[in-house]
Amino acid sequence: VAALTSLFSFCVSSSVSMFLNTLTPKFYVALTGTSSLISGLILIFEWWYFRKYGTSFIEQVSVSHLRPLLGGVDSSSPSNSNTSNGEADSNRQSVSECKVWRNPLNLFRGAEYNRYTWVTGREPLTYYDMNLSAQDHQTFFTCDSDHLRPADAIMQKAWRERNPQARISAAHEALELEDCATAYILLAEEEATTIMEAERLFKQALKAGEGCYRRSQQLQHHGTQYEAQHRRDTNVLVYIKRRLAMCSRKLGRTREAVKMMRDLMKEFPLLSMFNIHENLLESLLELQNYADVQAVLAKYDDISLPKSATICYTAALLKARAVSDKFSPEAASRRGLSTAEMNAVEAIHRAVEFNPHVPKYLLEMKSLILPPEHILKRGDSEAIAYAFFHLQHWKRVEGALNLLHCTWEGTFRMIPYPLEKGHLFYPYPVCTETADRELLPMFHEVSVYPKKELPFFILFTAGLCSFTAMLALLTHQFPELMGVFAKAFLSTLFAPLNFIMEKVESILPSSLWHQLTRI
8 VAALTSLFSF CVSSSVSMFL NTLTPKFYVA LTGTSSLISG LILIFEWWYF
58 RKYGTSFIEQ VSVSHLRPLL GGVDSSSPSN SNTSNGEADS NRQSVSECKV
108 WRNPLNLFRG AEYNRYTWVT GREPLTYYDM NLSAQDHQTF FTCDSDHLRP
158 ADAIMQKAWR ERNPQARISA AHEALELEDC ATAYILLAEE EATTIMEAER
208 LFKQALKAGE GCYRRSQQLQ HHGTQYEAQH RRDTNVLVYI KRRLAMCSRK
258 LGRTREAVKM MRDLMKEFPL LSMFNIHENL LESLLELQNY ADVQAVLAKY
308 DDISLPKSAT ICYTAALLKA RAVSDKFSPE AASRRGLSTA EMNAVEAIHR
358 AVEFNPHVPK YLLEMKSLIL PPEHILKRGD SEAIAYAFFH LQHWKRVEGA
408 LNLLHCTWEG TFRMIPYPLE KGHLFYPYPV CTETADRELL PMFHEVSVYP
458 KKELPFFILF TAGLCSFTAM LALLTHQFPE LMGVFAKAFL STLFAPLNFI
508 MEKVESILPS SLWHQLTRI
């Protein structure tokens, strides 16, 4: 038996040596070249899949298909029903948080966006953003009975036009027929080149809109058609009054703007879709009327209402204002944070968790651009829109930016990683980067959170591709030397097997080998 074992080991060693001796350098070149090609193709596919879907294809296949086959937990089992429901709720919340919202502080196209284009030659608005605005205009300013009034029928077509000049021409055509409020709105938004000119047109729109609103208000209960007309006329009137208040704010008549916004919110309390309270907060901060700002926050910073960067960061600014003028990081590290300082830091952490992109704009670590007409809550677009209007208010409060600079990065130590759940809010949605790239112009570098880390398999395939390519190159340049190295490597690889066989032969008795041979 011992002899047979020794003979088997000798045969294995002889076969390996004979196989290695028959291999030519061309075989090694072909082997390493093929391996390099295959790993390179895998790397290219993995990188493309990661850039498109944000995850590794190999990891996804492993988790979805291989883990159940290897005895992983079945996601359909009853024991995991609660977990699955929780994940579904979280996914639904992420989808709702990735909804695009109308920017309540959006600029005027003719007086502001177009002036930027004339000066810089750059387009501040994307096609996707302007298309969303066109859909909003059709929703707010049209109804099914527009065909009954010639001017409204023309404006219904005008809101669908892609060419700005065609829209402006249609608005002038509608005004030749009658005083049309929506035609004045379009001219104020797109044709007026100054805020004063836009305000004049909005005042004319207000006169026409109030007449239509009074007439439709009397007839709203006469049928669904009149009810739709009244709903449209209400939207038109609210939009005009809000834009007039914004004109007053831009022209320096801030107290007048605050009064107009308060009257509008009192007259139409249910129309929260315009988010007029965010315009009011910005105007009150300009007046440094912090008591009224706190009163507005107390009403709208409610758990049942959708949050925004304006609400979260304004609340943080008010808390920081109480302690920022005397705050010193060195003194705080020695004596600890006081109760007021702790409240301010917690408010900053809360705001940063809601939208982590804002601090870099407030601290001027990233350059600002004109805000888009639509924003994505918790995204880079919302951060730009907030910082564009509120940076001056943070600068006005002494020490507020210093406190923000010292504390905002501490938020990320409190948020669980990976972002399976949030700390104070729902987990940060993963869809923000794609939506922000659609909303923001190409010349802006979109802020991404969290930073996507390259999956392990991309790094692995990149290393494998580089290693095999290097081996192929060395084998092609030095075939004999690489052949010697390959033989030495394989001999070393098989050496433990020979060692184990010799140990087994010396330890086990020959009678046991005889019994095993008989079996």
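Just so we're aligned, residue 8 is where the sequence shown starts under our numbering, counting upward by one.
Virtual Cβ for every residue (Gly too), placed ideally from N, Cα, C.
*When the Cα of R328 is compared with those of W125, K314, E348, D143, which residue comes out closest?*
Walking along the sequence shown from the start, residue 328 turns up at place 321. Per the Cα distances, E348.
*Of the residues A215, M489, Q236, which one's Cα is nearest the Cα of Q224?*
Numbered from 1 along the sequence shown, position 217 holds the residue referred to as residue 224. When only C-alpha atoms are compared, the closest one is Q236.
*From which residue to which residue does the alpha helix (DSSP H) around V107 run?*
Stepping through the sequence shown from its first residue, residue 107 is reached at position 100. V107 -> not in any alpha helix (DSSP H); beta strand (DSSP E) instead, spanning 107-109.
_Segment limits, beta strand (DSSP E) that includes H381_ = The count along the sequence shown starts at 1 and reaches residue 381 at position 374. It spans 381-383 - the beta strand (DSSP E) in which H381 sits, taken as one unbroken run.
*Give me the Cβ distance between A302 and A354, rounded to the nearest whole Å; I'm assuming they're in contact under 8 Å.*
As a first step, residue 302 is located in the sequence shown; it is residue number 295 there, counting from the start. As a first step, residue 354 is located in the sequence shown; it is residue number 347 there, counting from the start. About 17 Å; that fails the 8 Å criterion.
*Among K210, Q211, T241, E206, which has the Cα closest to the Cα of R222?*
Reading the sequence shown from its first residue, position 215 is the one you call residue 222. For the residues K210, Q211, T241, E206, the minimum Cα distance to R222 belongs to T241.
_Whole-angstrom C-beta distance between E198 and I175, which should lie under 8 Å_ = Counted from its first residue, the sequence shown places residue 175 at position 168. Counted from its first residue, the sequence shown places residue 198 at position 191. At roughly 5 Å, the Cβ-Cβ gap stays under 8 Å, so I175 and E198 are in contact.
*In angstroms, rounded to a whole number, what distance separates the CA positions of K510 and S498?*
To locate residue 510, count along the sequence shown from 1; it is residue 503. To locate residue 498, count along the sequence shown from 1; it is residue 491. Computed Cα separation, rounded: 18 Å.
_Can you find the residues in the same chain that come closer than 6 Å, C-beta to C-beta, to S103, ignoring five residues on each side of it along the sequence?_
Here the question's residue 103 lines up with position 96 in the sequence shown. In this predicted model, S103 has a pLDDT of only 46, less than 50, meaning its place in the structure is not dependable enough to derive any value.
_According to DSSP, simplified to helix, strand and coil, what is H397?_
The residue you call residue 397 lines up with position 390 of the sequence shown. Here H397 sits in helix by DSSP.
*Classify I514 as helix, strand or coil using the three-state DSSP reduction.*
Here the question's residue 514 lines up with position 507 in the sequence shown. In the structure shown, I514 sits in a helix (DSSP, three-state: H, G or I).
*For S513, does the count of other Cβ atoms within 10 angstroms reach 16, so buried, or fall short, so exposed?*
Start at 1 with the first residue of the sequence shown, and residue 513 comes out as number 506. By the 10 Å Cβ count, S513 comes out exposed.
*Just tell me which of A442, S454, A316 has its CA closest to the CA of K373.*
The sequence position of residue 373 within the sequence shown is 366, counting from 1. That would be S454, whose Cα lies nearest to the Cα of K373.
_What does the alpha-carbon distance come out to for the pair G406 and P378?_
Here the question's residue 406 lines up with position 399 in the sequence shown. Here the question's residue 378 lines up with position 371 in the sequence shown. G406 and P378: Cα-Cα distance of roughly 26 Å.
_Taking the straight line between their C-alpha atoms, what separation do you get for L383 and L277?_
Mapped onto the sequence shown, residue 383 falls at position 376. Mapped onto the sequence shown, residue 277 falls at position 270. For L383 and L277, the distance between alpha carbons rounds to 23 Å.
*Excluding five sequence neighbours on each side, which residues of the same chain lie with their C-beta closer than 7 Å to the C-beta of S42?*
Position 35 of the sequence shown, counting from 1, holds the residue named residue 42. Hits under 7 Å: T475.
*What did DSSP end up calling F281 once you bin it into helix, strand or coil?*
As a first step, residue 281 must be located in the sequence shown, where it is residue number 274. F281 falls in the helix class under three-state DSSP.
*What first and last residue would you give for the alpha helix (DSSP H) that runs through K248?*
In the sequence shown, counting from the first residue as 1, residue 248 sits at position 241. Element bounds for K248: 231-257.
*Rank G218, L208, L291, V245 by C-alpha distance to the C-alpha of R256 and give the top, closest one.*
Here residue 256 is taken as the residue at index 249 of the sequence shown, counted from 1. Among G218, L208, L291, V245, the Cα nearest to that of R256 is on L291.
_Let me make sure I understand the geometry here. Which of Q172, N170, R156, I202 has the alpha-carbon closest to that of E185?_
Here residue 185 is taken as the residue at index 178 of the sequence shown, counted from 1. When each option's Cα is compared against that of E185, the closest is R156.
*For P131, count neighbouring C-beta atoms within 10 Å of its own C-beta (all shown protein chains included) and say buried if the count is 16 or more, exposed if not.*
Here residue 131 corresponds to residue number 124 of the sequence shown, with the count starting at 1. Answer is buried; the Cβ neighbour count reaches 16.
*Would you call the CB atoms of A165 and A178 closer than 7 Å?*
Within the sequence shown, numbered from 1, the residue matching residue 165 stands at position 158. Within the sequence shown, numbered from 1, the residue matching residue 178 stands at position 171. Going by C-beta atoms, A165 is nearer than 7 Å to A178.
*Return helix, strand or coil for Q295, following the three-state DSSP convention.*
In the sequence shown, the residue the question calls residue 295 occupies position 288. It is coil, neither helix nor strand.
*asked:* As a quick exercise: from L369, L504, T201, G216, pick the residue whose alpha carbon is nearest that of R122.
replied: Stepping through the sequence shown from its first residue, residue 122 is reached at position 115. The shortest C-alpha separation from R122 is found at T201.
*Beta-carbon separation (whole angstroms), F148 vs V243, contact threshold 8 Å*: In the sequence shown, residue 148 corresponds to position 141, counting from 1. In the sequence shown, residue 243 corresponds to position 236, counting from 1. The Cβ separation is near 6 Å, so the contact holds.
*Helix, strand or coil for F147 per DSSP?*
On the sequence shown, position 140 is the one that residue 147 refers to. Of the three classes helix, strand and coil, the one that applies to F147 here is helix, per DSSP.
_Assuming contact is defined by CB atoms lying nearer than 7 Å, are G40 and A479 in contact in what I supplied?_
Taking the first residue of the sequence shown as 1, we reach residue 40 at position 33. Taking the first residue of the sequence shown as 1, we reach residue 479 at position 472. Contact flag set, yes.
_If you measure between the beta carbons of F396 and E289, is that distance less than 7 Å?_
Residue numbering aside, residue 396 sits at position 389 when the sequence shown is read from its first letter. Residue numbering aside, residue 289 sits at position 282 when the sequence shown is read from its first letter. In contact: F396 and E289 (Cβ atoms closer than 7 Å).
*Can you tell me the Cα-Cα spacing of L408 and L398, whole angstroms?*
Indexing the sequence shown from 1 puts residue 408 at position 401. Indexing the sequence shown from 1 puts residue 398 at position 391. Going from the Cα of L408 to the Cα of L398 covers about 9 Å.
*When the Cα atoms are used, what is the spatial distance from E440 to W108?*
Reading the sequence shown from its first residue, position 433 is the one you call residue 440. Reading the sequence shown from its first residue, position 101 is the one you call residue 108. C-alpha separation (whole angstroms): 15 Å.
*Excluding the five sequence neighbours on either side, which residues of its own chain have a C-beta within less than 8 Å of the C-beta of K214, listed in chain order?*
Numbered from 1 along the sequence shown, position 207 holds the residue referred to as residue 214. Hits under 8 Å: D186.
*Does the distance from the C-beta atom of L410 to that of S331 stay below 7 Å?*
Numbered from its first residue, the sequence shown carries residue 410 at position 403. Numbered from its first residue, the sequence shown carries residue 331 at position 324. Yes, the Cβ-Cβ distance between L410 and S331 is below 7 Å.
*Over what stretch of residues does the alpha helix (DSSP H) that includes V359 continue unbroken?*
Residue numbering aside, residue 359 sits at position 352 when the sequence shown is read from its first letter. Here the alpha helix (DSSP H) through V359 covers 346-361.
*Check each candidate in M203, D159, V352 and name the one with the smallest Cα separation from E180.*
As a position in the sequence shown, residue 180 is number 173, starting the count at 1. Considering only alpha carbons, the answer is D159.
*Complete alpha helix (DSSP H) runs within the segment 108-192 (minimum length 4 residues, chain order)*: 121-127, 134-148, 157-165, 171-184
*In three-state terms, what does DSSP make of S83?*
Here residue 83 refers to the residue found at position 76 when the sequence shown is read from its first residue. Low confidence applies to S83: its pLDDT is 39, below 50, so where it sits in the model is not reliable, and the reading given next is rough at best. Of the three classes helix, strand and coil, the one that applies to S83 here is coil, per DSSP.
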